[in-house]
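The numbering used here applies: residue 476 is where the sequence shown begins, and numbers increase by one.
Quick notes on the structure that follows.
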Amino acid sequence: MAERVAVVTGANKGIGFSIVKGLCNRFRGVVYLTSRDVERGKRAAAELNKLGLYPEYRQLDVADRDSVLRFRDFLKEEHGGIDVLINNAAVANCRDLYNTYEENRYIVDINYKSILTMQELIFPLVRDGGRIVNISSDCGHISNVRNEYWLDVLSKKDLTGKEIDDFVECFLESCKNNTFKREDFADNGTIAAYRVAKVALSALTILQQKQLEKRNISVNSMHPGLVRTDMTAGVGFYDADEAAETPLYLALDAPDELRGAYVWYDRRALDWYDRHADYFFKTSTLQA
Ligand SMILES: NC(=O)c1ccc[n+]([C@@H]2O[C@H](COP(=O)([O-])OP(=O)(O)OC[C@H]3O[C@@H](n4cnc5c(N)ncnc54)[C@H](OP(=O)(O)O)[C@@H]3O)[C@@H](O)[C@H]2O)c1
476 MAERVAVVTG
486 ANKGIGFSIV
496 KGLCNRFRGV
506 VYLTSRDVER
516 GKRAAAELNK
526 LGLYPEYRQL
536 DVADRDSVLR
546 FRDFLKEEHG
556 GIDVLINNAA
566 VANCRDLYNT
576 YEENRYIVDI
586 NYKSILTMQE
596 LIFPLVRDGG
606 RIVNISSDCG
616 HISNVRNEYW
626 LDVLSKKDLT
636 GKEIDDFVEC
646 FLESCKNNTF
656 KREDFADNGT
666 IAAYRVAKVA
676 LSALTILQQK
686 QLEKRNISVN
696 SMHPGLVRTD
706 MTAGVGFYDA
716 DEAAETPLYL
726 ALDAPDELRG
736 AYVWYDRRAL
746 DWYDRHADYF
756 FKTSTLQA
């Protein structure tokens with residue numbers, strides 16, 4: 476039987492690093508710590524070595540198609556397939572609540588478009604019965620969206636990938652031509668690109684589940700809570716090791732029936748479609 480393989484993206488620090496740590500302790504198989512920067516990634520792997528944990532290291536910049544292609548070819552050659560994939564890599568700009576068009580595009584490219592590349596190139600390597608976890612955010616709940624047209628589109632049970640892309644592109648277009656309306660999003664449209672990318676990611680998760688159902692693969696998206704990492708400049712109600720527990724649960728322990736769900740940090744599967752829910756991100760929590 477082929478050796479089992481787990482992959483975590485953006486794992487040189489923060490929650491991704493803690494997920495790798497947890498997998499090294501609990502997953503029976505090879506664990507890949509990946510990072511866009513080789514130095515930072517190798518340093519992180521060396522940190523784990525000091526704890527007696529031995530992940531494999533590979534370079535992977537999820538926003539660089541060539542890097543994903545190289546990683547795909549390596550995995551194919553070395554293992555034939557993988558069993559667990561944690562899409563964790565992301566960027567945010569929580570310091571400036573409103574970003575330039577270039578910043579917004581950068582955030583969307585890494586937090587959403589890279590997932591499309593992973594879907595195209597890495598998902599075919601996920602073995603039947605495998606598990607995929609997309610690390611989303613409270614910014615990824617539909618209640619972050621306030622524009623009625625997009626709420627209706629995103630709520631469609633037969634939502635297509637093209638429609639999710641349109642939602643994202645329409646936002647970027649509005650930033651480019653200065654027609655962006657703050658009232659189209661919760662919290663007066665703060666960190667809008669991050670909200671758009673994560674809403675798109677959680678919507679896409681539901682679609683990915685439908686597509687992978689026949690191969691018995693589970694795909695869930697989750698909000699890890701407000702976590703003390705570089706992303707939040709150290710603000711949060713718990714640390715990265717604690718925040719890694721629910722992604723680890725989804726990858727290793729959750730019942731098989733949990734599929735295509737939007738999962739909160741306390742493991743509850745929430746109704747992603749509840750547009751009136753109070754799950755959206757409030758920047759005031761960063762000052763708390
Ligand atoms: N912290 C929170 O409160 C919070 C709340 C909700 C959701 N999340 C989500 O949780 C996940 C982890 O966040 P975190 O708090 O651990 O953030 P973090 O400490 O800033 O770590 C983010 C990781 O993603 C990597 N990354 C960024 N762009 C990449 C790319 N193109 N290719 C590969 N790796 C890339 C970063 O690498 P570099 O070191 O090279 O930049 C870093 O390793 C993210 O998906 C985030 O959106 C976090």
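All C-beta atoms, glycine included, are put in the ideal place defined by N, C-alpha and C.
Just so we're clear, the structure is a prediction, and the values are computed from it rather than from any experiment.
So for residue i, helix, strand or coil by DSSP?
i: residue 696; result: strand
i: residue 680; result: helix
i: residue 688; result: helix
i: residue 532; result: strand
i: residue 484; result: coil
i: residue 725; result: helix
i: residue 713; result: strand
i: residue 701; result: coil
i: residue 573; result: coil
i: residue 672; result: helix
i: residue 736; result: coil
i: residue 744; result: strand
i: residue 568; result: coil
i: residue 478; result: coil
i: residue 719; result: coil
Can you tell me where the beta strand (DSSP E) holding residue i begins and where it ends?
i: residue 557; result: 557-562
i: residue 507; result: 505-510
Look at the alpha carbon of residue i and the alpha carbon of residue j, and state the distance between them as a whole number of angstroms.
i: residue 591; j: residue 484; result: 14 Å
i: residue 538; j: residue 671; result: 17 Å
i: residue 526; j: residue 697; result: 28 Å
i: residue 596; j: residue 588; result: 13 Å
i: residue 608; j: residue 560; result: 6 Å
i: residue 686; j: residue 701; result: 31 Å
i: residue 736; j: residue 514; result: 35 Å
i: residue 668; j: residue 476; result: 43 Å
i: residue 646; j: residue 714; result: 32 Å
i: residue 504; j: residue 747; result: 33 Å
i: residue 494; j: residue 532; result: 14 Å
i: residue 723; j: residue 490; result: 11 Å
i: residue 614; j: residue 664; result: 11 Å
i: residue 577; j: residue 654; result: 15 Å
i: residue 643; j: residue 633; result: 18 Å
i: residue 486; j: residue 516; result: 7 Å
i: residue 502; j: residue 567; result: 29 Å
i: residue 719; j: residue 699; result: 7 Å
i: residue 814; j: residue 717; result: Residue 814 lies beyond the range of the chain shown here (476 to 763); nothing can be said about it.
i: residue 728; j: residue 693; result: 12 Å
i: residue 732; j: residue 482; result: 22 Å
Can you tell me whether residue i is buried or exposed? The criterion is at least 16 other CB atoms within 10 Å of its CB, across all chains shown.
i: residue 611; result: buried
i: residue 564; result: buried
i: residue 712; result: exposed
i: residue 648; result: exposed
i: residue 708; result: exposed
i: residue 594; result: buried
i: residue 662; result: buried
i: residue 631; result: exposed
i: residue 762; result: exposed
i: residue 759; result: exposed
i: residue 529; result: exposed
i: residue 507; result: buried
i: residue 673; result: buried
i: residue 509; result: buried
i: residue 575; result: exposed
i: residue 635; result: exposed
i: residue 496; result: buried
i: residue 695; result: buried
i: residue 753; result: exposed
i: residue 751; result: exposed
i: residue 500; result: exposed
i: residue 521; result: exposed
Could you pull the start and end residues of the alpha helix (DSSP H) that residue i belongs to?
i: residue 658; result: It is not in any alpha helix (DSSP H) - residue 658 carries neither H nor E in the DSSP assignment.
i: residue 579; result: 576-583
i: residue 499; result: 489-501
i: residue 752; result: Neither: residue 752 is in no alpha helix (DSSP H) and is coded neither H nor E.
i: residue 664; result: Where residue 664 is concerned, there is no enclosing alpha helix (DSSP H), given that its DSSP letter is neither H nor E.
i: residue 513; result: 513-525
i: residue 547; result: 540-554
i: residue 707; result: No alpha helix (DSSP H) contains residue 707, which DSSP labels as neither H nor E.
From the beta carbon of residue i, is the nearest beta carbon of chain D less than 9 Å away?
i: residue 709; result: The chain labelled as chain D is not found in the depicted structure, where only one protein chain is given.
key: Contained beta strand (DSSP E) runs [length at least 3] in the stretch 593-656, N- to C-terminal order   = 601-610
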